[in-house]
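K.L.:
To start, I am sharing the structure in question, which I have written as structure tokens.
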Amino acid sequence: MYISNQSNVNSRILLFSIGSVFFGLLFFFSSCKKINEATELGGDLIPAVDNVHTFEVSLSAVTKNILFNDTTKVLFTDLVALGDLNDPEFGNTHANMDFNIVPSEIGTYPFLNKDSVDIDSVVLSLAYRAAFGDTLNNGIQTVRVYEIANNAPFYDTALYKYTDPNSDFATVGPELGSASYSVKHLKDTLTLTRAGDTAQVTNVLRIPLDNSLGTRFAQYDTADGYKNDSLFQRKFRGFALKADAGGNALSYFRLTDVANTKLTVYFRATLNGKNDTTSFDYYHAINGQSNYVNREPGGNYLAYLNNGAGDKIYLQSAPGSYVSIKIPQLDTFSNKVIHRAEIVGTKIPSVGDDVFSPPVQLMLDRINKSGDTVFMLQQDLVVGPSGSIGFSSFGGRLHDDNTYRFNISRYVQSIVTRHLANDTLRIYAPLRTNVFNSSLNAKIAIPVIDAIGKGRVVLGGGSYNDSTMRLRLRIIYSNL
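Numbering of the sequence shown is given in our numbering, commencing with residue 119 and proceeding in unit increments.
Following this line, the structure appears as structure tokens:
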């Protein structure tokens, strides 16, 4: 009986203990969930702020708008920008592009019979991928196509900076052709009919060119233009595409999409007594491209670059600006257990923000006191074994509450515990950035936004009149 009673008691104690643990864990995870929702960063669970064991504080920031000296170069796989926009808050942006082409086949004459070629039409097609600016209204953008001058310093072995005006190469001869289009219609389906065949294409800008270009290409032969790519490029350096003012948008094209970016020469020829109607394509299949993006700051953006005011932050995607951030109070912040530390920046209203969208991703790094090295916050922005960059836990994307948040918990812990230097921080929106990773003892390239010149945003600065919208360092901590 005693054993039986003791067994019942033990069972009740065990049941009570399990229940206590269950409800305790439920309360713990519920509390942690509240904090994670507040930070919107996910990651490790952190305790709730109870002002007994866990506390929260926001440290003020000193912010300054600075024009960024962007040296990013156009890569073969980059989306290229074309167009013109006038942003009342940030000023004017104009983008032209240049690229080479080569025959889709080398070593053979593509026009069947040189003595009987009749050119029907010549069309330059560009694979459309995205746009920035006024994509809803009927603003008309006009693009004109020229031939790159034979003596232009344009080479397939060189990479050119987006900001280099010399990469907007000189041209030769008259305009080859032009097209006027509305950005919102670039996604429309086009029906192409030729020789009884019908095909449909979408997301393509088609620019008709003068037939004389096709006639010229038909005069080349396998001893020169069609012998190899190099000889072809000596005879034809490539295309220079120049946008007229107006349109109020940048369009982005994929030059490496050989299915949709190509020069097509439609022709008729007679071979062995048989008439044939066909076409031949030329692609941008090897390196050799430039994309000059000219920024002319204007509006409040220009004023803030000049006056040094810190109440508003003007971030223009590359080639654009950055904000320098100093947190003086962090120098005297005593040693604590840092559960969460995050830089919080809040988007505030600006003229034209219904047309010109914010960057999809921002970057945060630090600059040493001598100003000669930019460091990655590698303890918080982690490089994976495959080379992936951990933005999902680091942050930098715009949330539904109009905030950008960066999780820098380990960096702040290193400052308060190991007395790491409290360096100047920097937020910006580069296409890609090269920063020094101390753990790897090397500079690494980090892609950030998906296209040059895409995105701009105004944030509340360190002295913004609404204190709840100021850029700040938010810390959740416990005392030791």
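C-beta atoms are modelled at their ideal positions from N, C-alpha and C, and glycine is treated no differently.
All of these numbers come straight from a predicted model, not from anything done at the bench.
1) Keeping to the same chain, check which residues put their C-beta closer than 6 Å to that of N210; ignore five residues upstream and five downstream.
2) Express the C-alpha separation of T320 and N378 in angstroms, rounding to a whole number.
3) Assuming the contact rule is C-beta atoms closer than 8 Å, V220 and F350 should be a hit. Round their C-beta distance to whole Å, please.
4) Closest by CA to H537, which one among Y529, F385 and L543?
5) Kindly identify the DSSP beta-bridge partner or partners of M215.
6) Do A459 and L277 have their C-beta atoms closer together than 8 Å?
7) Roughly how far, in whole angstroms, is the beta-carbon of Q259 from the beta-carbon of G406, given that I think they are within contact range, below 8 Å?
8) Can you grab the Cα-Cα spacing for the pair T535 / L163, in whole Å?
9) Using C-beta distances below 7 Å, list every residue in its chain close to G201, excluding the 5 sequence neighbours before and after it, in chain order.
10) Can you list, in chain order, the residues of its chain with a C-beta nearer than 8 Å to that of K182? Leave out the 5 residues immediately preceding and following it.
11) Can you list, in chain order, the residues of its chain with a C-beta nearer than 7 Å to that of G470? Leave out the 5 residues immediately preceding and following it.
12) Between which two residues does the beta strand (DSSP E) holding R592 run?
13) Does the region 450-458 come close enough to the region 510-517 to have 3 or more Cβ pairs within less than 8 Å?
14) Locate the beta strand (DSSP E) running through T289, then write down its first and last residues.
15) I believe R324 touches V241 by the beta-carbon criterion, under 8 Å. Please report the beta-carbon distance rounded to the nearest angstrom.
16) My parser needs the beta strand (DSSP E) runs of 3 or more residues fully inside the region 495-541; what are they?
17) What are the uninterrupted segments assigned as alpha helix (DSSP H) that are 4 or more residues long and contained completely in the region 374-433, given in chain order?
18) Between the alpha carbons of I445 and V376, how many angstroms are there, rounded?
19) Using 10 angstroms around the beta-carbon of E293, count the other beta-carbons present and answer buried if the total reaches 16, otherwise exposed.
20) Would you please state the rounded distance, in angstroms, between the beta carbons of P477 and G573? I believe it to be under 8 Å.
21) Just curious, the beta strand (DSSP E) that T189 is in, first and last residue?
22) Could you say if the region 265-275 and the region 284-292 meet the contact criterion of at least three C-beta pairs nearer than 8 Å?
23) Quick one: Cα of P228 to Cα of A560, how far?
24) Going by Cα to Cα distance, which pick from A179, Q496, D168 and I184 is closest to Y422?
25) Return yes when the Cβ of V322 is within less than 8 Å of the Cβ of Y410, no when it is not.
26) Can you name the start and end residues of the beta strand (DSSP E) that A199 belongs to?
27) In the DSSP assignment, find the alpha helix (DSSP H) that holds G332 and state where it starts and stops.
28) I'd like the span of the beta strand (DSSP E) that includes Q318, first residue to last.
29) In or out: K454 buried (at least 16 other Cβ within 10 Å) or exposed?
30) What's the gap between the Cα of S222 and the Cα of G391?
31) Taking only the alpha-carbon atoms, compute the straight-line gap between G251 and V170 and give it to the nearest angstrom.
32) Is the beta carbon of N555 sitting closer than 8 Å to the one on A563?
33) Helix, strand or coil, according to DSSP, for T551 in the structure here?
34) Just to confirm my understanding: we take A249, look at its own chain, exclude 5 residues before and 5 after, and list those with CB closer than 7 Å. What are they?
35) Mind checking which residues open and close the beta strand (DSSP E) that includes F250?
36) Please state whether DSSP places Q479 in a helix, a strand or coil.
P.N.:
Reading off the structure:
1) So the qualifying residues of the chain are N204 and E414.
2) 9 Å
3) 6 Å
4) Minimum Cα-Cα distance from H537 among the listed residues Y529, F385 and L543 corresponds to Y529.
5) L359 and N409
6) no
7) The Cβ separation is near 25 Å, so there is no contact.
8) 21 Å
9) A213, Q259, A361, G365, A367, L368 and S369
10) Closer than 8 Å at Cβ, skipping near neighbours: G426, G428, V441 and S442.
11) Result list for G470: D205, P206 and E207, in chain order.
12) R590 to N597
13) no
14) T289 to S300
15) 5 Å
16) 513-516 and 521-525
17) 417-425
18) 50 Å
19) exposed
20) 3 Å
21) No beta strand (DSSP E) holds T189; DSSP gives it neither H nor E.
22) yes
23) 49 Å
24) I184
25) no
26) V198 to D205
27) N329 to A336
28) D315 to T320
29) Within 10 angstroms of the beta-carbon of K454 lie 16 or more other beta-carbons, which makes it buried.
30) 26 Å
31) 50 Å
32) No, the pair does not count as a contact, with Cβ atoms beyond the cut-off.
33) strand
34) V301, A367, L368, S369 and Y370
35) D236 to G251
36) coil
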